[in-house]
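Under full-length UniProt numbering, the residues of the sequence shown are numbered 1 to 382, in order.
Note that beta-carbon positions come from the ideal geometry of N, C-alpha and C, so glycine has one too.
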Amino acid sequence: MIISKLPTVGTTIFTTMSQLAAETGALNLSQGFPDFNAPQGLLDAVGRHVGAGHNQYSPMTGLPALRQQVVAKIARSYGATVDPDTEVTITPGATAAIFCAIQAVIRNGDEVIVFDPCYDSYVPSVELAGGRCVRVQLNLQGFALDFERIKAALSPRTRMIILNTPHNPTGALISRAELDQLAELIRDRDIYLLSDEVYEHLVFDGAAHVSVLAHKELYARAFVISSFGKTYHVTGWKTGYVVAPPDLTAELRKVHQYVNFCCVTPLQFALADFMADHPEHVDELPGFYQAKRDLFCDLLAPSRFTFTRVAGTYFQLVDYSRIRPDLDDVAMSLWMTREHGVASIPISVFYQNPPKEQRLVRLCFAKREETLRHAAEKLCVI
Ligand code: PMP
Ligand code: GLN
């Protein structure tokens with residue numbers, strides 16, 4: 001008889017919904033990934049580096065040229081200076097980065113504040129480290145941080161707070177004023193921050209992403225995590241990075257070197273080349289994805305779904321109260337996939353305590369115009 005270390009964990013909703021979409025032939029707007037290809041220059045670079053023999057282990061900390069490009073991107077985007085050798089580590093995706101950062105500092109009995117709703121990998125990663133998650137509900141209006149609730153959740157055992165901005169699944173952004181408020185709240189406490197910023201370049205309507213990298217006081221205690229998968233349209237490459245002050249980076253690397261040792265070498269070479277040749281790629285992303293968000297929302301305007309355009313990420317939440325208020329969101333997602341040919345993600349799976357009256361599903365708009373038009377046609381007749 002196996003006594004599971006993760007007794008409440010099943011198969012992730014992303015696997016479940018993508019599989020159901022494949023089985024039923026539904027359009028897959030559930031799991032977050034583009035249905036278009038990455039820039040040709042990036043794809044070509046992989047072939048070039050594989051052909052040139054860049055196929056053996058890379059340095060444990062990540063290819064120096066790629067770490068250098070990450071530093072350049074951070075300087076350009078946030079005006080922050082970080083050291084490529086002591087503060088940047090390349091990891092096999094953001095998921096591994098999150099896992100290693102948590103393992104590096106969380107011990108038995110530590111408490112970690114995570115928000116309700118939050119991305120699905122945080123809680124199991126904390127539990128495997130022996131920690132306990134304390135869920136703090138985001139405000140129902142706009143999914144902003146609720147500082148009264150955060151204050152009430154703090155205890156002498158609180159060792160980490162996990163932020164995610166832009167936020168999956170809601171698209172909400174954290175502001176500079178909120179980071180300042182958080183800094184004040186934890187100033188004299190021994191608390192680390194994990195800031196999941198994988199959607200850092202997907203921020204719309206002229207807003208700027210507020211990175212913990214640009215907040216000196218918070219950065220001193222933070223692991224800031226991003227993913228090349230989101231930024232360069234290559235989620236299947238599972239390549240990401242962690243930026244943290246040298247003392248935290250040293251601890252992170254002690255775990256990373258035994259979980260992953262290093263990342264896929266030719267992919268790192270290709271990303272480094274592409275980033276050096278196309279620094280403008282990240283400047284063009286907000287416009288690129290905002291056009292998709294707006295096309296999709298315009299097409300959905302005549303439907304019976306209601307929504308507020310998201311501020312960031314490539315996910316649009318839609319409220320289906322006018323369509324099937326009798327169904328909870330899991331039942332709604334299954335029904336939409338099976339009966340109407342569009343797969344979505346029910347957002348209750350990101351909660352410990354989903355609000356009972358909430359009727360929201362998440363639709364990914366990182367899709368070709370043709371896919372978005374096709375999906376909207378189906379959604380408009382539900
Ligand atoms: N964090 C968030 C908020 C995400 O949405 C995702 C999904 N891609 C990840 C982390 C994981 O990123 P990666 O695919 O690079 O592991
Ligand atoms: N981050 C992606 C999403 O939110 C899914 C990643 C995964 O499948 N684990 O849709």
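Quiz item: If you check the beta carbons only, do S333 and I345 fall under 8 Å apart?
Solution: yes
Exercise. Say yes only if the C-beta of N164 is nearer than 7 Å to one or more non-hydrogen atoms of ligand 3, and no if none qualify.
Key: Among the ligands modelled here, namely ligand 1 and ligand 2, ligand 3 does not occur.
Self-check item: Buried/exposed call for D205, threshold 16 Cβ in 10 Å
Solution: exposed
Quiz item: Touching or not, the region 174 to 187 and the region 130 to 138, by the rule of three or more beta carbon pairs under 8 Å?
Solution: No, they do not touch.
Practice problem: Please confirm whether any heavy atom of ligand 1 lies closer than 7 Å to the CB of T16. | Solution: no
Exercise. Would you grab the beta carbon distance between L285 and T231 for me? Rounded to a whole angstrom, and I think it's under 8 Å.
Key: 7 Å
Quiz item: Do you know offhand how far L213's Cα is from F274's?
Solution: 23 Å
Quiz item: beta strand (DSSP E) containing residue 393: first to last residue?
Solution: Nothing about residue 393 can be reported from this structure: the residues present for the chain run from 1 to 382 only.
Exercise. Have a look at V242 and R67 and give me their C-alpha separation to the nearest angstrom.
Key: 10 Å
Exercise. Would you identify the three-state DSSP class for R304, choosing helix, strand or coil?
Key: coil
Self-check item: Buried or exposed (CB count within 10 angstroms, at least 16 for buried), E280
Solution: exposed
Quiz item: For residue 385, which residues does DSSP report across the bridge?
Solution: Past the edges of the chain, shown from 1 to 382, lies residue 385, and the structure says nothing about it.
Self-check item: Check: G32 C-beta below 7 Å from any heavy atom of ligand 2
Solution: yes
Quiz item: Taking DSSP as the reference, what is the three-state secondary structure of Y289?
Solution: helix
Quiz item: Across which residues does DSSP place Q137 in a beta bridge pair?
Solution: Bridge pairing for Q137: D116 [DSSP].
Quiz item: Anyone know if the C-beta pair for G41 and H233 falls short of 8 Å?
Solution: Cβ distance not < 8 Å, so G41 and H233 don't count as in contact.
Practice problem: Answer yes if the region 138 to 149 comes into contact with the region 114 to 124, meaning at least three C-beta pairs across the two stretches below 8 Å, and no otherwise. | Solution: Touching, yes, given that three or more Cβ pairs across the two stretches are closer than 8 Å.
Quiz prompt | Beta-carbon spacing of T239, D35 below 8 Å | solution = The answer is no: Cβ separation not under 8 Å.
Quiz item: Looking at T337 and L343, is the spacing between their C-beta atoms short of 8 Å?
Solution: A quick correction: the sequence has Ala, not Leu, at residue 343. Contact: yes.
Exercise. Count the other C-beta atoms from every protein chain shown that fall within 10 angstroms of the C-beta of D44, then say buried if there are 16 or more, exposed otherwise.
Key: exposed
Quiz item: What did DSSP end up calling Y122 once you bin it into helix, strand or coil?
Solution: In this structure, Y122 counts as helix in the three-state DSSP scheme.
Quiz prompt | Rounded Cβ spacing between T95 and L252 (contact assumed at less than 8 Å) | solution = The Cβ separation is near 14 Å, so there is no contact.
Quiz item: Among residues of its own chain, excluding the 5 on either side of S155, which ones have a beta-carbon nearer than 7 Å to its beta-carbon?
Solution: E111
Quiz item: Does the Cβ of T170 have 16 or more other Cβ atoms within 10 Å, making it buried, or fewer, making it exposed?
Solution: buried
Quiz item: Are the region 214 to 228 and the region 310 to 322 touching by the rule of at least three beta carbon pairs closer than 8 Å?
Solution: no
Self-check item: Euclidean distance between Cα positions of I225 and E339
Solution: 38 Å
Quiz item: Near V123, which residues of its chain fall below 6 Å by C-beta distance, leaving aside the five closest residues on each side in sequence?
Solution: C133
Quiz item: If you drop the 5 nearest sequence neighbours on each side, which residues of the same chain put their C-beta closer than 6 Å to that of D146?
Solution: Same-chain partners within the cutoff: N139.
Quiz item: Expressed to the nearest angstrom, what Euclidean distance is found between the alpha-carbon atoms of N168 and F315?
Solution: 8 Å
Quiz item: For F288, is the classification buried or exposed, using 16 other Cβ atoms within 10 angstroms of its Cβ as the cut-off for buried?
Solution: exposed
Quiz item: What is the DSSP secondary structure of S321, counted as helix, strand or coil?
Solution: Here S321 sits in coil by DSSP.
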